[in-house]
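At position 73 of the sequence shown the residue is numbered 422 (this note's numbering), and the sequence of numbers has no breaks.
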Amino acid sequence: MIRVAPKLSNPPPILAGKDYAAPSVFEPENLLREARRQKGLPITTVPEVCLLDPDGDIVRALAKSGRSHRSAPWACYHTDLYEFDHGDEHFGIIGCAV
Numbered sequence: 350m351i352r353v354a355p356k357l358s359n360p361p362p363i364l365a366g367k368d369y370a371a372p373s374v375f376e377p378e379n380l381l382r383e384a385r386r387q388k389g390l391p392i393t394t395v396p397e398v399c400l401l402d403p404d405g406d407i408v409r410a411l412a413k414s415g416r417s418h419r420s421a422p423w424a425c426y427h428t429d430l431y432e433f434d435h436g437d438e439h440f441g442i443i444g445c446a447v
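Below, the structure written as structure tokens:
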């Protein structure tokens, strides 16, 4: 069951005056730009195809076999991007993230 909070007649300042229909300021490109700036990283590209490996099994297997390398310019604070080749294709993979 989902409960919807009633509209407050006198909301606290953090909730007052919000335009909930406005686009989010937390766009991925803005977050990555600021992370790159804060970490002093260059603007770079990521592989066209990136995989999520929620439990990290594939990332660990690729690292153990020496087939992947960590992408140093990856700007995220909470994950690491690894890159690897399979056949003629280049891939990115992020482990332990959902």
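Just so you know, even glycine gets a beta-carbon here, dropped at the ideal spot from N, CA and C.
Asked, Found
"Under the three-state reduction of DSSP, which class applies to I442: helix, strand or coil?", "strand"
"Excluding the 5 residues flanking L400 on each side, which residues of the same chain have their C-beta closer than 8 Å to its C-beta?", "I407, F440, G441, I442, I443"
"What residues in its chain sit with their C-beta under 7 Å from that of Y426, if we drop five residues either side in the sequence?", "A384"
"Is the beta carbon of V398 closer than 8 Å to that of E438?", "yes"
"Alpha carbon to alpha carbon, how far is L430 from G415?", "15 Å"
"Secondary structure at L400, three-state DSSP: helix, strand or coil?", "strand"
"In this structure, how does DSSP classify L430 when only helix, strand and coil are distinguished?", "strand"
"Identify whether R419 lies in helix, strand or coil by the three-state DSSP scheme.", "strand"
"Buried or exposed, going by whether 16 or more other CB atoms sit within 10 Å of the CB of F375?", "exposed"
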